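Protein chains in written order, with the working numbering: chain W, 23 to 213; chain F, 23 to 213.
Every residue gets a Cβ at the ideal spot worked out from N, C-alpha and C, and that includes glycine.
Here the structure is a predicted model, which is why all the values come from computation and not from measurement.
There are 2 protein chains.
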Amino acid sequence: MTGSKEKDLAAAPGTSRAQKDATVAPGTGRAQKDAAVEPGDSPLHLDRFIPYRLSVLSNTISMLIASAYEREFGLSIPQWRIMAVLARYPDLSAVEVAERTAMDKVAVSRAVQGLLSSKRVLRAYDKGDRRRSILRLSAAGQAVYTRVSPMALRYEQELLSALSPADQRTLDRLLTRLMDQAQSMQASRDS
Amino acid sequence: MTGSKEKDLAAAPGTSRAQKDATVAPGTGRAQKDAAVEPGDSPLHLDRFIPYRLSVLSNTISMLIASAYEREFGLSIPQWRIMAVLARYPDLSAVEVAERTAMDKVAVSRAVQGLLSSKRVLRAYDKGDRRRSILRLSAAGQAVYTRVSPMALRYEQELLSALSPADQRTLDRLLTRLMDQAQSMQASRDS
DNA sequence: AACGAATGGTTACAATTGAAACTATATCCC
DNA sequence: GGGATATAGTTTCAATTGTAACCATTCGTT
């Protein structure tokens, strides 16, 4: 079936060959490849699309940081988030942790199980409401946290060092605004 | 086993009960809950941590938009990305698509299979190199794209409408800088 | 007190994703 | 020409994640 099926698609002359470079820097002289579509013809360009760029940026950063404390402490992102919130607010229940970490309760349950078995979190149950758990870092968990958190903050600082202090403050403000807007869009959809 | 195990953890007086509100607005007068930890005692506060905020923001937006074109066109995020890039650059191979969509080749392979079976993408093979595929939108795929992309752009606009035009330009600039920095951090780690 | 609804949390199962192995073709080098 | 090596893409298997169902307990109502 290699016979004659390709021809209608392998149309553009000089298309198939060429191209050794991975990034295809624009403006390299020969611009034949994209001949069929004028830039601007297509209304949406992925590289300019803010949701896409946010997603790629966020994934890049998360993987960068996560791989560091995964490698060094065997912590997953959910586990690390839980430790961070328990470090500041001990004795939260699982749902309270979920609210503060933007995770759902299933994710919290699973991550807590991991933290329990690695003995980094202790769990008790509320006397007055025996459904509620009461979570806090163990001494070992505290110790891990005091080593992980400076590392995380260093990564953040290194990232932000690409921005002037003024731009850093602006970023903070823009993120807050965008988050508010995103939440209101979500709320209006769910209404 | 409900006997006496909880006591060592359910320590803080008045801790277990109380708390009806989900968000625990700071500065509500009674600040007993967090008694054990002074704010500032813990070096890292998740709500202020840029990588965390980026992640939550990005996920919120992605889910918001994705659920729309999933519901209306049965498109997943990877499929939608591929269509967007093929709309602008027809006749790319799978790895070229991967490069332009920040996806790996396995993800592209799977998404392309979906797009092939829904007849929204056509695949041919390069005459000169029979490993290379040549992908482009079908007429039906084009038609879907011309309906999806304005929708995506409307979402983006609605999101950005929370920012002044000047702030929108600033956001663009900051995202570029941060992405460059993230990539250079990644590169220096892999080195 | 007793029944139905709500809440906290876990479990089970399906769908998605990631990593490694694999097939097929092409290139390099002798 | 013929083996080693690289590249394009798919498949396979394991791990992660999402969704729904599920206990247990508590609350609200009568």
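{"Check": "Enumerated in chain order, which unbroken segments of the alpha helix (DSSP H) with a length of 4 residues or greater are wholly contained in the stretch 70-104 of chain W?", "Outcome": "72-95"}
{"Check": "By a C-beta neighbour count over all protein chains shown, 10 Å radius and 16 as the cutoff for buried, is Arg-191 (chain F) buried or exposed?", "Outcome": "exposed"}
{"Check": "Do the stretch 159-167 of chain W and the stretch 90-109 of chain W make contact, defined as three or more Cβ pairs closer than 8 Å?", "Outcome": "yes"}
{"Check": "Mind listing the chain F neighbours of Arg-211 (chain W)? Cutoff is C-beta to C-beta under 9 Å, in chain order.", "Outcome": "Leu-86, Ser-89, Ala-90"}
{"Check": "Ala-174 (chain W) and Leu-66 (chain F): beta carbons closer than 8 Å?", "Outcome": "yes"}
{"Check": "What would DSSP say about Tyr-147 (chain F), mapped onto helix, strand or coil?", "Outcome": "strand"}
{"Check": "In three-state terms, what does DSSP make of Ser-115 (chain F)?", "Outcome": "coil"}
{"Check": "Which of the residues in the stretch 123-150 of chain W, read from start to end, lie with their CB under 9 Å from any CB of chain F?", "Outcome": "Thr-123, Ala-124, Leu-144, Arg-145, Ala-146, Tyr-147, Asp-148, Lys-149, Gly-150"}
{"Check": "Given a cut-off of 8 Å on the beta-carbon distance, is the pair Leu-193 (chain W) and Leu-185 (chain W) in contact?", "Outcome": "yes"}
{"Check": "Under 8 Å, do Gln-205 (chain W) and Thr-82 (chain F) count as touching if we go by C-beta distance?", "Outcome": "yes"}
{"Check": "Using CA atoms only, rank isn't needed, just tell me which of W:Ser-84, W:Ser-140, W:Phe-71, W:Ser-210 is closest to Ser-77 (chain F).", "Outcome": "W:Ser-84"}
{"Check": "Please confirm if Leu-97 (chain W) has its CB atom under 8 Å from at least one CB of chain F.", "Outcome": "no"}
{"Check": "Distance cutoff 8 Å, beta carbons only. Does Gln-205 (chain W) sit that close to anything in chain F?", "Outcome": "yes"}
{"Check": "Go through the stretch 136-195 of chain W residue by residue and report every complete run of the beta strand (DSSP E) that reaches 3 residues or more, in order.", "Outcome": "143-147, 155-159"}
{"Check": "Under a Cβ-count criterion, where at least 16 other Cβ atoms within 10 Å of its own Cβ denotes burial, should Ala-94 (chain F) be classed as buried or exposed?", "Outcome": "Residue 94 (chain F) is actually Glu in this sequence, not Ala. Its Cβ having fewer than 16 others within 10 Å, Glu-94 (chain F) is exposed."}
{"Check": "Please say whether Ser-80 (chain F) and Ser-98 (chain W) have beta carbons closer to each other than 8 Å?", "Outcome": "no"}
{"Check": "Let me check understanding here. Comparing Cα to Cα, which of F:Lys-149, F:Leu-157, F:Asp-148, F:Leu-86 lies closest to Lys-141 (chain F)?", "Outcome": "F:Leu-157"}
{"Check": "Let me see if you follow: with CB-CB separation under 8 Å, is Glu-94 (chain F) close to chain W or not?", "Outcome": "no"}
{"Check": "Cβ closer than 8 Å: which chain W residues qualify as neighbours of Arg-103 (chain F)?", "Outcome": "Leu-68, Tyr-74"}
{"Check": "At a CB-CB cut-off below 9 Å, which residues of chain W make contact with Leu-159 (chain F)?", "Outcome": "Simply none; closest approach about 10 Å."}
{"Check": "Are the beta-carbon atoms of Val-130 (chain F) and Ala-120 (chain F) separated by less than 8 Å?", "Outcome": "yes"}
{"Check": "State yes or no: is the beta carbon of Ala-165 (chain W) nearer than 8 Å to at least one beta carbon in chain F?", "Outcome": "no"}
{"Check": "Could you tell me the alpha carbon to alpha carbon distance between Ser-90 (chain F) and Ala-162 (chain W), rounded to whole angstroms?", "Outcome": "Reading off the sequence, residue 90 (chain F) comes out as Ala, not Ser. Going by the C-alpha atoms only, they are around 45 Å apart."}
{"Check": "Considering only residues of the same chain and omitting the five flanking positions on each side of Leu-138 (chain W), which have a CB-CB separation below 7 Å?", "Outcome": "Arg-145"}
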